[in-house]
Amino acid sequence: MLKVALALLPGTLVQMFVFGAGVLLQLALAVLFAYLLEAGILRLLRRPLAPALGDGSALITAWLFALCVPPLAPWWIALLGMFVAIVLAKQLYGGLGHNLFNPAMAGYALLLLAFPFELSQWPNPKQPVSLEHAVLTVFTGALPEEGSWDAIVEATPLDRLRQLTTAGRTLAEAYADPTLGTLWERETSWIALAHLFGGLILIAIGATSWHVPVAAIAAVLLLTGPLWLFDPDHHPSPFAHLFSGAFMLGAFFIATDPVSGASTPRGRLMFGALFALLTLAIRRYGNFPDGVAFAVLLLNAFAPLIDRLAAPRIFGARR
Amino acid sequence: MRVPTGVRNFPGGLSLDHHKEVSRAQPLRVCALPERLILPLKQHRGSPAHPCVEPGDRVMAGEPLALAGEGLSASIHAPTSGTVLAIEPHPTPQPPFTPEPSIVIAPDGLDRWRKLAPIPRPLEAPAERLIARIAEAGVVGLGGAVFPTAEKLAVPRELLIVNGAECEPYIACDDALLRARAHSVVQGARIAARAVGANRILIAVEDHMQAAHAALARALSEIIGPPAPAGHTLHFEEREGEGRWLSLPIDLVQVPSRYPQGGERQLIYALTGREVPLGGLPRDIGVAVINVGTAAAILDAVVHGEALVSRVVTVTGGGVRRPGNYQVRLGTPIETLIAFAGGYREDAARLIVGGPVMGLALPHDGFPVTKATNCILVLAASELPRPEPELPCIRCMACAEVCPARLLPHELLRRVRARQWPEAESAGLSACIECGCCDLVCPSHIPLADWFRFGKGELGARAEEERRAREAKRRHEERQARLAREAAEREARRREQTERLADPAAVSSLIAQARARRDQTPPE
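Listed in order, the protein sequences are those of chains X and H.
Just so we're aligned, residue 12 is where the first sequence starts under our numbering, counting upward by one.
Just so we're aligned, residue 914 is where the second sequence starts under our numbering, counting upward by one.
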């Protein structure tokens, strides 16, 4: 688990660099609430505290959740998110190893449905918020220096793209718009790049298998590549998809969760490819800008079926 | 059968530290005779042997003490000359360590033998004769499975594999035997091939067994002629016209050191690329596998007329003073063997029969060495694996990656724990070879193989129960059918009689017949 935390560091640091100290604050809050809630529910369930608190899984759950939350989201978002993740999705299902759904994504998705406003207020990456301001906003809701949310918040690239294309612009025109910019002008792409780097470290040290991320990335290239080559005015490039939103984070750190994902090698390939397919479909046709959380949760429900279909041939069984 | 050259990697498996240097450094030594020999009547797969001696009888070495029982079984012989003291229950080194009927012998120290007549020119003898002799000598598989060898060789095969791939750490009894008796192993293998009708022999050793390999290569060169090397193998083939048994090529193959390379199914796959069918036996694909010790025992039985009365046992581990490989008479108490190996060190902490992975911890050392005992491992306190608390399974798949049966042990575990037997069966429980690789790699320290052993025991018990129920049902139905048939026959007879008696002419003719019979019988 500590290896996963280590591999999350590059992306987290870049996200802090882009959005300011609020990222660190959200991380601290989520970790704090995760451990408090986990200790509490374990006491209520009369389960031993030490093994569950010592396995590091709550840390990863809190960390993944915090990376998905806007840095200036109110403090109770972390509290409610961790309640759903740790208490409902994890411990009430039987604790580590028994949870059907990825706890971090269960927490995030439920809160996104319940509090869409709070969870979509991403500040302008060009003006990182200082720690003081972040603390003030997170705990009191007050905005620094008589600003308004409108002045601070800026639509995420995926949101902006949706707005511009819905307004009838071609992709080339949208990218030329200063509020969007080309792929590498967008700070969020750097975060995705850093997660790719961290994810490769994770595979290199053997902490996760390559199956899910490789299948997911290959599926994005195969699904969007031909469309983009055929009609680049209406279809974003595969790279725009790979480095937008939470795709990289999801492909390397969330869809690879062994507990809630598929476990057989072929199953993991299927899981990764379906993760990419669902994420793209939700981005394109859904009501939410990004589809990572919903794609993961839907697939979690299908993981046992996928494993059944993809079980390896037992030694000596007929081919 | 076409045997492809080259060696494949079987699925899964682990590279383990082999820890064999210590016991390997010493030459094979002969363990002294103990004061008492204890011979369980069941030292083999199948039914126990029936005693054919009584307390007070004097016996010679090699004389039968108990004859093979019904079905699959094997005879037991006196390991040395002496007196039968008792036939009484004695704890055996197999779980649940319950006392089993055993023959106790007091050796007289003279070690006088009564041997069987050697079979002359065994490579030209009929297979039935060889198999009968192997059965008579009580030979069973010495690799640990103790399957009666005669039974195995009675089903003709094309390929004979001689298994010297001793893959479990610490165990070096096959290695020691090969270094001391490579000649006997090769000759025994040729006799086995003759008995089973094989037209090809593969002898496999792991690649760390350099001295054993060299000894085998030397023996093969002396017996057959110079080899033709090809990759991992040395190919020996007798040329026609030399007056010896012709056209039986023998390949000496080095296989990678990878646990469980010596597993029957794994070795067959590594050497031939063929998988023994699920639920089947090597005989289903025309292969027989015998251990190198078994090959030597076959030679002793056929050529020297000696029954199986001793075997090589590795005594090793940090808890014993003089680790090494010992030729031990069957029935020798483990206690005596350890004393002969210098006794325990102060820090001896655990006594294991078998290896560290698949072996079994013993509660004390009063058990006898049996045909199945390949290794006595005494681990020092410092060598014990640190007991780690068991954590929940997070489906990390480490177990599935090392499973040689290509199972999903984590899925199987769930079903065995929930005692969902049909589901466990369909997930491949019976395909588990209990190698314990999953245990070794599990980051949550779950004793998976223990669960699977338990599950397989339950499956076996359930199958036996079902078989009995079917049997009872069949008997019941047969009885019902017989009763119905008899009733029908009675009814038919009665009807026939009634019909005949209805005709007055028939009645008077019957009376006439009866009178004639009466008149014919001579008066007294």
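Beta carbons: idealized from backbone N, C-alpha and C, even for Gly.
All values derive from a computational prediction rather than experimental measurement.
- Annotation: Cβ neighbours of P269 (chain X) in chain H (cutoff 8 Å, chain order): I1307, R1308, C1309, M1310.
- Taken through DSSP and simplified to helix, strand or coil, C1312 (chain H) comes out as helix.
- Taken through DSSP and simplified to helix, strand or coil, T1249 (chain H) comes out as helix.
- Within its own chain, the residues whose Cβ lies closer than 8 Å to the Cβ of S928 (chain H), once the five positions on either side in sequence are excluded, are S1170, R1171, Y1172, listed in chain order.
- The beta carbons of T1062 (chain H) and T1207 (chain H) sit closer together than 9 Å.
- No Cβ of chain H is located within less than 9 Å of the beta carbon of T72 (chain X).
- V943 (chain H) counts as exposed, since fewer than 16 other C-beta atoms from the protein chains shown sit within 10 angstroms of its C-beta.
- Three or more beta-carbon pairs drawn from the segment 1285-1294 of chain H and the segment 1260-1272 of chain H are found closer than 8 Å, and the two stretches are therefore classed as touching.
- With 16 or more other Cβ atoms inside 10 Å of its own Cβ, Q956 (chain H) counts as buried.
- Listed along the chain, the chain X residues whose CB falls inside 9 Å of the CB of A1344 (chain H) are I325, F326, G327, A328.
- Within the segment 1146-1202 of chain H, complete beta strand (DSSP E) segments of at least 3 residues are found at 1146-1149, 1163-1168, given in chain order.
- Chain order gives the chain H residues near S274 (chain X) as R1308, C1309, M1310, A1313, L1321, H1323, E1324, where near means a beta carbon separation below 9 Å.
- At a beta-carbon threshold of 8 Å, the residues of chain H lying near P62 (chain X) are P1302, L1304, ordered along the chain.
- At least one C-beta of chain H is nearer than 9 Å to the C-beta of A322 (chain X).
- Secondary structure at N1238 (chain H): strand, using DSSP grouped into helix, strand and coil.
- Between the alpha carbons of N922 (chain H) and L1023 (chain H) lies a gap of roughly 50 Å.
- Residue environment: G984 (chain H) is assigned as exposed (fewer than 16 neighbouring CB atoms within 10 Å of its CB, all protein chains considered).
- Legend: CB atoms of the segment 96-115 of chain X lying less than 9 Å from CB atoms of chain H belong to residues G105, G106, L107, G108, H109.
- Between S200 (chain X) and chain H, the shortest Cβ-Cβ separation is not below 9 Å.
- Residue contact check for S1357 (chain H) against chain X: a CB pair falls below 9 Å.
- Of all alpha-carbon atoms in H:R1034, H:L1194, H:P1002, H:Q1393, the one lying nearest the alpha-carbon of R1070 (chain H) is that of H:L1194.
- Residue-level contact check: V943 (chain H) does not touch chain X, since none of the beta carbons of chain X fall below 9 Å from its beta carbon.
- The beta-carbon of S248 (chain X) is placed no less than 9 Å from the nearest beta-carbon of chain H.
- In this structure, A987 (chain H) lies near V1059 (chain H), with their beta-carbon atoms less than 9 Å apart.
- Closest option to H206 (chain X), judged by alpha-carbon separation, among X:E184, X:I265, X:A185, X:F150: X:I265.
- Annotation: P953 (chain H) to A1105 (chain H) spans about 27 Å, alpha carbon to alpha carbon.
- In the structure shown, A1111 (chain H) falls within a coil segment according to DSSP collapsed to helix, strand and coil.
- Measuring C-alpha to C-alpha distances from F94 (chain X) to each of X:A41, X:L107, X:R324 identifies X:A41 as the nearest.
- Classified as buried, W1364 (chain H) has 16 or more neighbouring CB atoms from the shown chains inside 10 Å of its CB.
- Cβ-Cβ distances below 8 Å link Y1083 (chain H) to H931, H932, K933, S936, T1227, T1229, G1230, G1268, P1269, C1288, L1290 in the same chain, with the five nearest sequence neighbours on each side left out; the list follows chain order.
- Every alpha helix (DSSP H) of 4 residues or more that sits fully in the segment 138-216 of chain X is shown, in chain order, as 142-151, 160-163, 168-177, 182-187, 198-215.
- Of all residues in the segment 219-247 of chain X, the ones placed with a Cβ closer than 8 Å to any Cβ belonging to chain H are S220, in chain order.
- By the Cβ-count criterion, H1389 (chain H) is exposed, with fewer than 16 other Cβ atoms from all chains shown falling within 10 Å of its own Cβ.
- Between L310 (chain X) and T235 (chain X), the C-beta gap is not smaller than 9 Å, which leaves the two residues out of contact.
- Taking 8 Å as the upper bound for CB-CB distance, V270 (chain X) and G108 (chain X) are in contact here, some 6 Å apart.
- L1115 (chain H) sits buried, since 16 or more C-beta atoms from the chains shown fall within 10 Å of its C-beta.
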